[in-house]
DNA sequence: CTAATAGTGTCTCTCAGACAGTATATC
DNA sequence: GATATACTGTCTGAGAGACACTATTAG
C-alpha cells in the first residue's frame, strides 16, 4: 500500500483518549474513575480511556470508551474535547499522546468495571485533587487532566448554558441552581438565580409541565441546550 | 488504557502540530500562511506546522515550528493549545493527528519561507475564511483549524486580557482598543473602552511613560499580562 | 398549623452605552 | 488657528445582590 509506505516514514506515536466524566451527586461534583487491572499503575485509580483505533475518529473513540468503560450511551452525556497531553515521559510504555475529553451527564449510574478495569465508580473530585499523594492518587498525569476538566466545566458555567448538561432533559430552576452550587462549591440566592436564568434570552424553554420533587410549591419544568451562550453571563464572585 | 499489549503493539499514528499565528496589521486580523513546497497540496496555502519529534513535548514542537517556519522567537508571541484534529482522512499520507496551537503577537515581521515552504506571509483571515474555494483555499482541514483559532481569540478577548498579546510590551489604551476593533471587526467608543479597561482591577499596569505615536494628546503607557482574567469582562454586543 | 420550596417585588449599587466637554499634542 | 487623539463627567438604563414578601405544596 502506497499509503502505509509513505506514512511509515513519519515519526509514530500511540494516540489515546482519556475521559473526564463529571456528574453531580449529593450536592458534590463527582468524577468517574476506574481501578486499573493491568500494568502500568496496576491497582491504581485512573481516568477511563484507551487507544484510538487506526481508522477511528477521535470523538468516536471517546464515545466508544465511554460505552465500554462506563456503560454510558451517547445521549446520556454532553461531550467536548478538553486538551491534548503529550509530554514525552507521561506513559512508561512509550510515547503516548492523549486527547482528553470532558463528558458531563445527569444522575449517571454507578458503572461496573470493563475489560481492563477492576472497578469503576464516581467519587467527589475533591478526593482526587486535594491531596498530593495517597491511596487515591491518580495514575499517569491524570490529576492534571482532571484539574483541567474541572476548571473548564467551572468556567463554562459562567458564559454558556453548560450547566444543563448536568440536568435531566426536563429540569427545574432549583435543580439547575443545585448544579451551579455543586460545581462552583458556593451557595447562591434562589431568588436572584431564578431571575437571572429565566431572563437570559433564549436559554430556558418552558415545557409547560410542573413538578414537585421534594416538597414545597411545584416548580415549572424547562428544557435547554447546553451549547447556547448565556447572555448576560452568570458570573462567579 | 485499553489494549493490554506491549508498546510495540500499540496502534501508531503520526503526530503533528499546526499553528494559527495571528497578528493585527492595518486594522485587520491577519494569519500567517505558508505556500507548500512539497506534496501533498504542493503549491497550496497552508498553516505552518510539522511533525512532533520522538522525544519532543508538544508545546516545544510548536515553538520549534514557529522558529523554523516563521522566524519567530518564543518571547515574540503568546502561545496556547487550541484543539486537536484527528479525523482519519484528514491527511492523504496516512493517519496524522494534529495538535493545533494558537499564537498571537504584535507587529510580527513578514517571514521568509522555510525548508518546506515556498513562501510565508500574513494575510487577513477574512481572505481565507470568506470563500468556499479558490486560489486561497487552505490545504488539509486548515480552514477549520483557522476558524477555530479565530473564534478562540475573539472569545478570549471578552473575559481575559488576551488582547494585549497583540500589543507590544508597552502600549496605550488606544492601541489596545485598535486590537479589539480589528479582532471583533467592530468600532468601539474610545471613552467607554478607556474607562472599562482601566477600571478592570489588576489588568493594566501604568509604566509612567507617555507617548504620542500619531498626533494628538500623548497617551499613558501600560503593561499587562495576557493571561489574567478580566473582571468585569468586556462583552461584545 | 409548620416546614419547605417556588417565584415576585423592590431597593441600592455598579456598570455599560451615549455623548458632551476638556486636555494636549501636531500641523 | 484646525484637527486629532486622550481622557473625564454625566446621564440613563440594565442587571446584580440583598432580602422582604407571596404562592403552593407535603405532612
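Residue numbers (my numbering), protein chains in the order written: chain Y, 1369 to 1605; chain E, 1369 to 1605.
Heads up, the beta-carbon is just placed ideally off N, CA and C, and yes, glycines get one too.
The structure displayed is predicted, hence computed values, not measured ones.
First through last residue of the beta strand (DSSP E) which encompasses residue i
i: residue 1396 of chain E; result: 1396-1404
i: residue 1469 of chain Y; result: 1464-1473
i: residue 1584 of chain E; result: From DSSP, residue 1584 of chain E is part of no beta strand (DSSP E); its letter is neither H nor E.
i: residue 1573 of chain E; result: 1573-1579
i: residue 1417 of chain E; result: 1417-1419
Nearest neighbour of residue i, chosen from the options [CA to CA]
i: residue 1448 of chain E; options: E/1416, E/1407, E/1530 and E/1409; result: E/1530
i: residue 1599 of chain E; options: Y/1598, Y/1603, Y/1596 and Y/1409; result: Y/1603
i: residue 1429 of chain E; options: Y/1420, Y/1405, Y/1454 and Y/1423; result: Y/1454
i: residue 1485 of chain E; options: E/1502, E/1473 and E/1507; result: E/1507
i: residue 1419 of chain E; options: E/1440, E/1381, E/1549 and E/1403; result: E/1381
i: residue 1403 of chain E; options: E/1491, E/1535 and E/1583; result: E/1491
i: residue 1423 of chain E; options: Y/1536, Y/1456 and Y/1397; result: Y/1456
i: residue 1596 of chain E; options: E/1579, E/1565, E/1605 and E/1580; result: E/1565
i: residue 1535 of chain Y; options: Y/1431, Y/1444, Y/1440 and Y/1500; result: Y/1444
Contacts around residue i, its chain only, beta-carbon distance under 7 Å, and the 5 residues preceding and following it disregarded
i: residue 1438 of chain Y; result: 1389, 1400, 1416, 1479 and 1488
i: residue 1519 of chain Y; result: none
i: residue 1522 of chain E; result: 1551 and 1552
i: residue 1556 of chain E; result: 1545, 1548 and 1549
CB of residue i within 7 Å of CB of residue j, strictly
i: residue 1496 of chain Y; j: residue 1387 of chain Y; result: no
i: residue 1594 of chain Y; j: residue 1446 of chain Y; result: yes
i: residue 1577 of chain E; j: residue 1589 of chain E; result: yes
i: residue 1516 of chain E; j: residue 1450 of chain E; result: yes
i: residue 1465 of chain E; j: residue 1383 of chain E; result: yes
i: residue 1551 of chain E; j: residue 1525 of chain E; result: yes
i: residue 1414 of chain Y; j: residue 1562 of chain Y; result: no
i: residue 1505 of chain Y; j: residue 1540 of chain Y; result: no
i: residue 1433 of chain E; j: residue 1385 of chain E; result: yes
i: residue 1527 of chain Y; j: residue 1601 of chain Y; result: yes
i: residue 1543 of chain Y; j: residue 1575 of chain Y; result: no
Three-state secondary structure (DSSP) of residue i
i: residue 1393 of chain E; result: strand
i: residue 1494 of chain E; result: helix
i: residue 1530 of chain Y; result: helix
i: residue 1454 of chain Y; result: coil
i: residue 1594 of chain Y; result: coil
i: residue 1605 of chain E; result: coil
i: residue 1555 of chain E; result: coil
i: residue 1512 of chain Y; result: helix
i: residue 1448 of chain Y; result: strand
i: residue 1561 of chain E; result: helix
i: residue 1540 of chain E; result: coil
i: residue 1486 of chain Y; result: strand
i: residue 1414 of chain E; result: strand
i: residue 1521 of chain E; result: helix
i: residue 1588 of chain E; result: strand
i: residue 1550 of chain Y; result: helix
i: residue 1380 of chain Y; result: coil
Cβ-based neighbour list, residue i, same chain, cut-off 6 Å, excluding 5 preceding and 5 following
i: residue 1408 of chain Y; result: 1460
i: residue 1532 of chain E; result: 1592 and 1594
i: residue 1452 of chain Y; result: 1467
i: residue 1475 of chain Y; result: none
i: residue 1379 of chain Y; result: none
i: residue 1374 of chain E; result: Low confidence applies to residue 1374 of chain E: its pLDDT is 45, below 50, so where it sits in the model is not reliable, and the reading given next is rough at best. Hits under 6 Å: none found.
Residues near residue i by beta carbon distance below 8 Å, same chain, minus five either side
i: residue 1585 of chain E; result: none
i: residue 1546 of chain Y; result: 1392 and 1395
i: residue 1503 of chain Y; result: none
i: residue 1410 of chain Y; result: 1404
Proximity test, residue i beta-carbon vs the ligand PLP heavy atom, cut-off 6 Å
i: residue 1378 of chain Y; result: Among the components modelled here there is no ligand, and therefore nothing to report on the ligand PLP.
Terminal residues of the alpha helix (DSSP H) in which residue i lies
i: residue 1432 of chain E; result: 1426-1438
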